[in-house]
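Peer 1: Residue numbers (the working numbering): 436 to 967. The beta carbon of each residue, even a glycine, is placed where N, CA and C say it ideally should be.
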RNA sequence: GAUCCCGUAGCUCAGUGGUAGAGCAUCUGACUUUUAAUCAGAGGGUCGAUGGUUCGAGCCCAUCCGGGAUCACCA
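1. Check each candidate in 850, 671, 922 and name the one with the smallest Cα separation from residue 693.
2. So, at 7 Å on beta carbons, what are the nonlocal neighbours of residue 731 in its own chain, with the 5 sequence-adjacent residues on each side left out?
3. Which residue spans inside the region 773-809 form an unbroken alpha helix (DSSP H) run of at least 4?
4. Are there 16 or more other CB atoms within 10 angstroms of the CB of residue 861, so buried, or fewer, so exposed?
5. By a C-beta neighbour count over all protein chains shown, 10 Å radius and 16 as the cutoff for buried, is residue 816 buried or exposed?
6. Across which residues does DSSP place residue 534 in a beta bridge pair?
7. Suppose you measure from the CA of residue 912 to the CA of residue 677; what does that come to, to the nearest Å?
8. Mind checking whether residue 569 and residue 480 have CB atoms under 8 Å apart?
9. Could you pull the start and end residues of the beta strand (DSSP E) that residue 712 belongs to?
10. Tell me where the beta strand (DSSP E) around residue 571 begins and ends.
11. Could you have a look at residue 638 and say whether DSSP puts it in helix, strand or coil?
12. Can you tell me whether residue 400 is buried or exposed, with buried defined as 16 or more other CB within 10 angstroms of its CB?
13. In three-state terms, what does DSSP make of residue 854?
14. Could you give the distance in angstroms between the alpha-carbon of residue 970 and the alpha-carbon of residue 951?
15. Give me the residue from 535, 646, 659, 739 with the minimum Cα distance to residue 707.
16. Quick check on the burial criterion: 16 or more other C-beta atoms within 10 angstroms. Buried or exposed for residue 712?
17. Given that a residue counts as buried once 16 or more other Cβ atoms are within 10 Å of its Cβ, and exposed if not, what is residue 461?
18. Among the residues of its own chain, which have a CB less than 6 Å from the CB of residue 855, if the five just before and after it don't count?
19. Apart from the five residues just before and just after residue 767, which ones in its own chain have a Cβ nearer than 8 Å to its Cβ?
20. Just verifying my parser: in three-state terms, what is the DSSP assignment at residue 623?
21. State whether the region 491-505 contacts the region 547-554, with contact taken as three or more CB pairs (one from each stretch) at a distance under 8 Å.
22. Pick out whichever of 909, 946, 891, 956 has its Cα sitting closest to the Cα of residue 924.
23. Beta carbon of residue 741, beta carbon of residue 705: below 8 Å?
24. Please report how far the alpha carbon of residue 698 lies from the alpha carbon of residue 564, in whole angstroms.
25. How is residue 548 classed by DSSP in three states: helix, strand or coil?
26. Using a Cβ-Cβ cut-off of 6 Å (strictly less than) and excluding sequence neighbours within five positions of residue 584, which residues of its own chain qualify?
27. Quick check: the region 885-900 against the region 820-835, are at least 3 beta-carbon pairs closer than 8 Å?
28. Taking residue 510 as the reference, give the member of 937, 683, 573 with the closest Cα.
29. Just reading off the beta strand (DSSP E) that residue 735 is part of, what are its end residues?
30. Can you tell me the Cβ-Cβ gap for residue 789 and residue 751, rounded? I've got them flagged as a contact below 8 Å.
31. Can you look up residue 582 in the DSSP assignment and give me helix, strand or coil?
32. Excluding the five sequence neighbours on either side, which residues of its own chain have a C-beta within less than 6 Å of the C-beta of residue 597, listed in chain order?
33. Within 10 angstroms of the Cβ of residue 903, are there 16 or more other Cβ atoms? Answer buried if so, exposed if not.
34. Quick one: residues in its chain with C-beta nearer than 8 Å to the C-beta of residue 551, no 5 flanking neighbours on either side, listed in chain order?
35. Quick one: is residue 819 buried, meaning 16 or more other Cβ sit within 10 Å of its Cβ, or exposed?
36. Just reading off the alpha helix (DSSP H) that residue 871 is part of, what are its end residues?
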C-alpha cells in the first residue's frame, strides 16, 4: 500500500490532480511545485493530514543538544522537537535531515527497520516541510549530536521550493561556510519570510532590534515614565521639518496627515500633567526620498520629561545608550564593520561633548562663532561647501557642519548649541545669544538622537511659528505649520522640560552593523510587485 | 528627480551576433551513522516586457517595468 509508484495514482489522487491542472492553467507550476502537490495529495490519500493542528514539542534544538551534553555519556535522553527541514540526506534504508527551529538546527536520523511503514512516508518529505519528531539523542560516528527518531509527524507540507543554502563547517576555524546564498536583495525584501528562514544573520539582526526596543522601554518604565499613544492621523502635522503623507477620512470628508513626529502631542500631555515624563515608541511617516538612511515609515522614540533641561538629558541619553549597547553587544561594547564603511564604535562612557562652533573650528580651523551672514557665506565658499542662494546664517552653518564635520564623528559624540533659526521648538540658550539649548548625538557619522530644552514661552513659540510661516510662503515646503491648538496648550502653562527623539532604525543599524535601513526593517517599502 | 550598474532554470551564476550552459535543488536507480553525503542517469527556459537593427539577437539600439548603487533632496 505504501509503495505506490508515482505514475499509478488511486482515483482520489487523480481527482486532486485535476485541481493541480486547473491551478496550472491559471499560473503554470514548476516541476518542483507539481511534485510537491503530488506528494501532498498522496499523503492525504494515505489518510495522513498534512496540516494538523498542533504538536507537543518538548525541546528546542539547542536544549536537546545541551540535554545530551549534560547527561552521562551512556544516557540517551529523549526529546521531541519541531521545525523546518533544511537539508535531507537519503541513504537508502536510513535518512538524515536537519531541522531548524527558533534556536538553531539539530540533525535527525531515521532508520527503516525501526520505523517500518512510516519510513516509506519519508519519500514524500521535502526541504522546507515542517515536521515534529520524537526520539532519543545520541552522537553519530562523525560526532554530531542527533535525534534518533522513533516517531514523527508532518506538521505542514511546503508546496513551494525553498532556496537551498548549503552550509559546511570549516574544520580549522569552525566557521560556517555558505555555498548557495539567497542573496537577491529584491527577493529578500519582498519575500522576507524566505529570507528569515534561510539567512540566520538577518534573524539575528531583527532579534537584536527587538531587544533594543524592549531595553529602551524597560529603561523608561523603570524610571517611572509613562508610555502613551498619540494620533497618527492628524489634522495638522508638526514637530519636524518634513513633507507629510496626506490621507482622507471619508465620514468626515476631510484630509488628514500622517504624523511626521509625536512631539506636539506629547507636550500637550505634559501640559495636562498626565505624567511628568511621557514617551512613545512608534512609527512616523515622511513623504520624501528613500535611500539607505531614509525610509518613508520609520520608528521613532520620543520622551519628554518635566523640570529637566538639555544638560540633564545629555547624561540621560548617555546612560540609556550605554544600557542598550550593553544589552545587545558583548563587552567592551564594540563592534567592527561588515563590508567596510563601518568603523569600530565604542559605547563606553563618557561620550565626547562638543559645541557646534567648536566642532567646526576643530575640523576646519575656522572660528565662525562671531561671524555675520556675509562672513559665513565667504567661509563656506572658501571651504568648498556649496550653499543655496538665500540660505540664512543657520542654514549655512548647518551645511558647513554636514559637509566638514559629520563624517568625522564615529565615536558617540554630543554636538551642542545650535543656531536658533534651525530649531523653532527649542528654548533660547541661557547665555549664548542666537543659539538654542539643543544637542544631537552622532555615531558613526550619522545623527541618531536630537534633544533640547523645550520652548515653553507661548509668545516666543508663536513668533517662531510665524517665522516658519514666512519661510513657507517663500516656498520652503518643509517649514513647520502653525498649530493654534498647540499654542493654546502652551498658553495654559507648560513646565520647563527636556525632550528627546531618536530613530530606532538608525540606532539598530549602528548596533548591528547593517548599512542600509532596509536591512533593519522587516518589510521595507517597495513598489508593488506584479505577481506572475 | 539625475546618473551608472543589474534582470538568463526553484536558488546562485557563466554565456561580447551563429543550435541556451554549470553547481545546488528536482525526478529515476543504488546505498542502514551521513553531513556541501556519494555514485549512475534524466527532466526543467516567454534569457524582465515591447518595439527596432540584422540573413540571424540572451548579446546591438530605443522605450517601458522592477531592483541596486551614487548624487540631489532630506531630521
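Peer 2: Taking the coordinates as given:
1. Here residue 693 corresponds to residue number 258 of the first chain, with the count starting at 1. For residue 693, the nearest C-alpha among the options comes from 671.
2. On the first chain, position 296 is the one that residue 731 refers to. Closer than 7 Å at the Cβ level, and outside the excluded window around residue 731, lie 720, 721, 722, 725, 960.
3. 791-799
4. As a first step, residue 861 must be located in the first chain, where it is residue number 426. The residue in question, residue 861, is buried, as its Cβ has 16 or more Cβ neighbours within 10 Å.
5. To locate residue 816, count along the first chain from 1; it is residue 381. Residue 816 is exposed by the Cβ-count criterion.
6. By 1-based counting over the first chain, the position of residue 534 is 99. Looking at the DSSP assignment, residue 534 forms a beta bridge with 520, 541.
7. If you number the first chain from 1, residue 912 lands on position 477. If you number the first chain from 1, residue 677 lands on position 242. Distance between the alpha carbons of residue 912 and residue 677 is about 8 Å.
8. As a working mapping, residue 569 is identified with position 134 in the first chain. As a working mapping, residue 480 is identified with position 45 in the first chain. Not a contact, by the Cβ cut-off of 8 Å.
9. Counting from one through the first chain, the residue named residue 712 turns up at place 277. Start and end: 712-720.
10. Working through the first chain from its first residue, we reach residue 571 at position 136. First-last of the beta strand (DSSP E) with residue 571: 565-574.
11. Along the first chain, one-based indexing puts residue 638 at 203. Helix at residue 638.
12. With the chain running from 436 to 967 in the structure shown, residue 400 is simply not present.
13. Within the first chain, numbered from 1, the residue matching residue 854 stands at position 419. Strand, per DSSP.
14. There is no way to answer for residue 970, as the model of the chain reaches only from 436 to 967.
15. Locating residue 707 in the first chain gives position 272, counting from the first residue. Comparing Cα positions, the closest option is 739.
16. If you number the first chain from 1, residue 712 lands on position 277. Buried is the call here.
17. Within the first chain, residue 461 is the residue found at index 26, counting from 1. With a pLDDT of only 49 at residue 461, under 50, the local geometry of the prediction cannot be trusted, and the value read off the model is given with reservation. With fewer than 16 Cβ atoms within 10 Å of its Cβ, residue 461 is classed as exposed.
18. On the first chain, residue 855 is found 420 positions in, with the first residue counted as 1. 869, 871.
19. Taking the first chain and counting its residues from 1, the one referred to as residue 767 is at position 332. Low confidence applies here, because residue 767 scores a pLDDT of 42, under 50, leaving its location unreliable and the question unanswered by this model.
20. As a first step, residue 623 must be located in the first chain, where it is residue number 188. It is helical.
21. no
22. What you label residue 924 is simply residue 489 of the first chain in a count that begins at 1. Ranking 909, 946, 891, 956 by Cα distance to residue 924 puts 891 first.
23. The residue given as residue 741 occupies position 306 in the first chain. The residue given as residue 705 occupies position 270 in the first chain. Cβ distance < 8 Å, so residue 741 and residue 705 count as in contact.
24. By 1-based counting over the first chain, the position of residue 698 is 263. By 1-based counting over the first chain, the position of residue 564 is 129. Using only the alpha carbons, I get a separation of about 47 Å.
25. Residue numbering aside, residue 548 sits at position 113 when the first chain is read from its first letter. Here residue 548 sits in helix by DSSP.
26. Working through the first chain from its first residue, we reach residue 584 at position 149. Cβ within range, chain order: 543, 545, 568, 570.
27. no
28. Counted from its first residue, the first chain places residue 510 at position 75. The candidate whose alpha carbon is nearest that of residue 510 is 573.
29. Residue 735 sits at position 300 when you count from the first residue of the first chain. From DSSP, the beta strand (DSSP E) with residue 735 extends over 732-741.
30. Residue mapping note: residue 789 aligns to position 354 of the first chain, counting from 1. Residue mapping note: residue 751 aligns to position 316 of the first chain, counting from 1. Rounded, the Cβ-Cβ distance is 18 Å, inconsistent with contact.
31. If you number the first chain from 1, residue 582 lands on position 147. Strand.
32. Taking the first chain and counting its residues from 1, one reaches residue 597 at position 162. 562, 563.
33. Within the first chain, residue 903 is the residue found at index 468, counting from 1. Counting Cβ neighbours within 10 Å, residue 903 comes out buried, since at least 16 surround it.
34. In the first chain, the residue the question calls residue 551 occupies position 116. So the list is empty, once near-sequence residues are dropped.
35. For the purposes of this step, residue 819 is taken as the residue at position 384 of the first chain. Exposed.
36. On the first chain, residue 871 is found 436 positions in, with the first residue counted as 1. Not the alpha helix (DSSP H): residue 871 falls in the beta strand (DSSP E), residues 870-878.
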